[in-house]
Amino acid sequence: EVQLLESGGSLVRPGRSLRLACAASGFSFPNYAMTWVRQAPGKGLEWVSGISGGGEHTYYADSVKGRFTISRDNSKNTLFLHMSSLRAGDTAVYYCGKDRSTMVTLIEDWGQGTLVTVSA
Amino acid sequence: EIVMTQSPATLSVSPGERVTLSCRASQSVRNNLAWYQQKPGQAPRLLIYGASTRATGIPARFSGSGSGTEFTLTISSLQSEDFAVYFCQHFNVWPPYSFGQGTKLEIK
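Same order as they appear, the protein sequences are chains A and B.
Under the numbering used here, think of the first position of the first sequence as -19, with each following residue one higher.
Under the numbering used here, think of the first position of the second sequence as -11, with each following residue one higher.
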């Protein structure tokens, strides 16, 4: 059974940094692309960032490009999202997701999410 | 960036009814389209990918169709557990892969 467990969400001041992690189990982690999607309170889904199975290809939404960095440690089956220069608009539940292939496409399995609140 | 537009924003329906949700892309995404279901307090769940292929474990009452810029998700006979928010997402060519704003199915 695929399991994705996000962690690292918290209350953080504007301008500060935060790193999210997603621990994966139940599948061959290096063989699948991974994605971060966020959802602001009461709003829809926003695609944030994706990374290929081997980690060689990374992609970002324009809203986070230059501020967020996605990475993965395939030896530890863990996905990361390093977020810097955080803004109030980054407040959201952040979900990690497993793709159906090694390249970034859709999200076949989702974690339960971790809440990031950016506020003074 | 491709913009995905869903309609309507909210749909009031009765259990047992057939319902069709629409999703439009601002440019062709071929058949690179997925549908997700999200219930309150839960993570989304993949329903349909490749515009018309049901994901593992998804009941046959869910079906998807379309290609290019126009897509539909049909639920043939609404069950109580189907009242939720539905999102479409394209995954054509390169990311970012945008989502539609969602359609909420509520009980009439």
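By construction, the Cβ of each residue, glycine as well, lies at the ideal position given by its N, Cα and C atoms.
I'd like to check one pair, residue j with residue i: are the Cβ atoms closer than 8 Å?
| i | j | result |
| --- | --- | --- |
| S65(B) | R6(B) | yes |
| F59(B) | L35(B) | no |
| R52(A) | M83(A) | no |
| W90(A) | A31(B) | yes |
| W27(A) | C76(A) | no |
| L61(A) | L0(A) | yes |
| E98(B) | S10(B) | This structure cannot speak to residue 98(B), because chain B is shown only from -11 to 96. |
From residue i to residue j, what distance separates their C-alpha atoms?
| i | j | result |
| --- | --- | --- |
| G(-12)(A) | I50(A) | 14 Å |
| S2(B) | F71(B) | 10 Å |
| G29(B) | Q19(A) | 12 Å |
| S64(A) | D70(A) | 10 Å |
| G93(A) | E36(A) | 25 Å |
| Q77(B) | A41(A) | 14 Å |
| L(-16)(A) | V98(A) | 24 Å |
| C2(A) | K56(A) | 10 Å |
| V(-9)(B) | Q89(B) | 10 Å |
| Y24(B) | E(-19)(A) | 20 Å |
| W82(B) | Y39(A) | 8 Å |
| G54(B) | A4(A) | 33 Å |
| L61(B) | G30(A) | 26 Å |
| L(-9)(A) | P21(A) | 14 Å |
| V140(B) | Q(-6)(B) | Because chain B is modelled from -11 through 96, residue 140(B) falls outside the range shown and cannot be assessed. |
| G38(B) | V17(B) | 10 Å |
| L86(A) | A100(A) | 35 Å |
| A48(B) | R42(B) | 8 Å |
| E(-14)(A) | F75(B) | 22 Å |
| V73(A) | G24(A) | 11 Å |
| T8(B) | I63(B) | 7 Å |
| T58(A) | L(-2)(A) | 16 Å |
Do we get a CB-CB distance below 8 Å when we pair residue i with the residues of chain B?
| i | result |
| --- | --- |
| L95(A) | no |
| E88(A) | yes |
| T82(A) | no |
| W58(A) | Correcting the residue type first, residue 58(A) is Thr in the shown sequence and not Trp. By this cut-off, T58(A) is not an interface position. |
Near residue i, what residues of its chain come up, given a Cβ to Cβ distance below 6 Å and the 5 sequence neighbours on each side ignored?
| i | result |
| --- | --- |
| G33(A) | P10, N11, Y12, A13 and T82 |
| E47(A) | What sits at residue 47(A) in the sequence shown is Arg, not Glu. S64 and S65. |
For residue i and chain A, any beta-carbon pair shorter than 8 Å?
| i | result |
| --- | --- |
| F71(B) | no |
| P32(B) | yes |
| A(-3)(B) | no |
| A105(B) | What is shown of chain B runs -11 to 96, which leaves residue 105(B) out entirely. |
What does a CB cutoff of less than 7 Å around residue i pick up in its chain, not counting 5 residues either side in sequence?
| i | result |
| --- | --- |
| F79(B) | N20, A22 and Y85 |
| Q67(B) | P3 |
| R67(A) | P(-6) and V98 |
| E(-11)(B) | P84 and S86 |
| E88(A) | K78, D79 and R80 |
| V44(A) | V28 and S29 |
Between residue i and the ligand SAH, is the CB less than 7 Å from at least one heavy atom?
| i | result |
| --- | --- |
| R6(B) | What this structure holds is no ligand at all, so the ligand SAH is not there to describe. |
Apart from the five residues on each side of it in sequence, which residues of its chain come closer than 8 Å, Cβ to Cβ, to residue i?
| i | result |
| --- | --- |
| Q15(B) | I(-10) and T57 |
What residues in the stretch 60 to 77 of chain A bring their beta carbon closer than 7 Å to a beta carbon of chain B? Y75
Under 8 Å (Cβ pairs) to chain A, residues found in the stretch 74 to 95 of chain B: F75, Q77, F79, W82, P83, P84, Y85, S86, F87, G88, Q89 and G90
Proximal residues, the stretch 30 to 54 of chain A versus chain B, C-beta separation under 8 Å: G30, Y39, Y40, A41 and D42
Please list the residues of the stretch 15 to 27 of chain A that have a C-beta atom closer than 9 Å to any C-beta atom in chain B, keeping them in chain order. T15, V17, Q19, K23, G24, L25, E26 and W27
Residues from the stretch -18 to 5 of chain A in contact with chain B, defined by Cβ distance under 7 Å: none
Which residues, taken in chain order from the stretch 36 to 59 of chain B, show a beta carbon closer than 8 Å to some beta carbon of chain A? Against chain A - using a Cβ distance shorter than 8 Å - the residues of the stretch 36 to 59 of chain B are Y37 and A43.
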